[in-house]
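Participant: I have a structure I would like to understand better, so I am pasting it below and will then ask my questions one at a time.
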Amino acid sequence: MARLAVGEALTNLVWAKVTSLSDVKDSGNWMYATKLDGEEAAMYDAATALSVAMIELGIAIDCGKDSLSMAAHVAGEVVKAPGNLVMSVYCTCPDIEDVPYLKTSFEGVQDLLSDELISRMGVLESFDQWE
Numbered sequence: 001m002a003r004l005a006v007g008e009a010l011t012n013l014v015w016a017k018v019t020s021l022s023d024v025k026d027s028g029n030w031m032y033a034t035k036l037d038g039e040e041a042a043m044y045d046a047a048t049a050l051s052v053a054m055i056e057l058g059i060a061i062d063c064g065k066d067s068l069s070m071a072a073h074v075a076g077e078v079v080k081a082p083g084n085l086v087m088s089v090y091c092t093c094p095d096i097e098d099v100p101y102l103k104t105s106f107e108g109v110q111d112l113l114s115d116e117l118i119s120r121m122g123v124l125e126s127f128d129q130w131e
């Protein structure tokens with residue numbers, strides 16, 4: 001789960017002009033019910049996997065927070081939230097005005113998406129081609 005969180009967070013930088021992967025910094029938000037059996041060990045395993053992944057990539061966490069009481073007693077039962085890690089990555093960009101040029105032709109969108117997906121997403125309406 002932790003390695004997937006890193007991968008997903010890094011995909012959010014796909015359009016940013018990152019000068020070096022080592023410039024990428026990360027904030028980690030841990031949410032676990034560590035007072036319950038097995039949850040502390042699960043968080044430890046996730047933290048270990050996260051550490052290995054980030055060392056391999058050369059990126060680092062420089063801030064974060066934790067919510068370690070993710071369980072409640074409801075009607076005599078313990079209800080716990082699943083363990084979760086939210087990663088937010090950020091980096092410096094040398095020129096924030098240097099942005100990708102994305103053409104906005106309907107044909108380009110049509111080539112990428114199936115007809116069913118286009119109709120479900122409202123793409124036709126976005127390009128004033130709703131029938």
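Note that full-length UniProt numbering has the sequence shown beginning at 1, numbered continuously upward. Glycine residues also receive a C-beta, built at the ideal position from the N, C-alpha and C atoms.
1) Relative to the alpha-carbon of Leu-85, which residue among Ala-41, Met-31 and Trp-15 has its alpha-carbon at the smallest distance?
2) On the DSSP letters alone, give me the boundaries of the alpha helix (DSSP H) that Ala-81 sits inside.
3) Give me the DSSP bridge partner(s) of Trp-30.
4) Identify the continuous alpha helix (DSSP H) that holds Val-74 and give its terminal residues.
5) So the candidates are Asp-98, Lys-80 and Ser-88; which of them puts its Cα closest to the Cα of Leu-36?
6) What is the residue span of the alpha helix (DSSP H) that Ser-51 lies within?
7) Tell me which residues share the same chain as residue 156 and place their Cβ nearer than 8 Å to its Cβ, disregarding the 5 neighbours each side in the sequence.
8) Do Gly-83 and Ala-46 have their C-beta atoms closer together than 8 Å?
9) In the DSSP assignment, what residue or residues form a beta bridge with Lys-25?
10) Residue range of the alpha helix (DSSP H) that Leu-10 falls in?
11) In angstroms with no decimal places, state the Cα-to-Cα distance between Asn-29 and Lys-65.
12) Put Glu-97 into one of helix, strand or coil per three-state DSSP.
13) Take Met-70 as the anchor and find which of Thr-34, Cys-63, Gly-76 and Met-87 has the nearest alpha-carbon.
Facilitator: Based on what the coordinates show:
1) Shortest Cα-Cα distance from Leu-85 to any of Ala-41, Met-31 and Trp-15 involves Met-31.
2) Counting along the chain, Ala-81 falls outside any alpha helix (DSSP H), and DSSP gives it neither H nor E.
3) In the DSSP output, where bridge partners are listed per residue, Trp-30 has Asp-66 and Leu-85.
4) In the DSSP assignment, Val-74 falls outside any alpha helix (DSSP H) and within the unbroken beta strand (DSSP E) covering 71-74.
5) Nearest C-alpha to Leu-36: Lys-80.
6) Judged by DSSP secondary structure, Ser-51 falls within the alpha helix (DSSP H) whose first and last residues are 39-57.
7) The first residue shown for the chain is 1 and the last is 131, placing residue 156 beyond what the model contains.
8) A contact, by the Cβ cut-off of 8 Å.
9) Under DSSP, Lys-25 shares a beta bridge with Ala-60 and Tyr-90.
10) Its alpha helix (DSSP H) spans residues 2-11.
11) Computed Cα separation, rounded: 5 Å.
12) Reduced to three states, the DSSP call for Glu-97 is coil.
13) Comparing C-alpha distances from Met-70 to each of Thr-34, Cys-63, Gly-76 and Met-87 shows the shortest one belongs to Thr-34.
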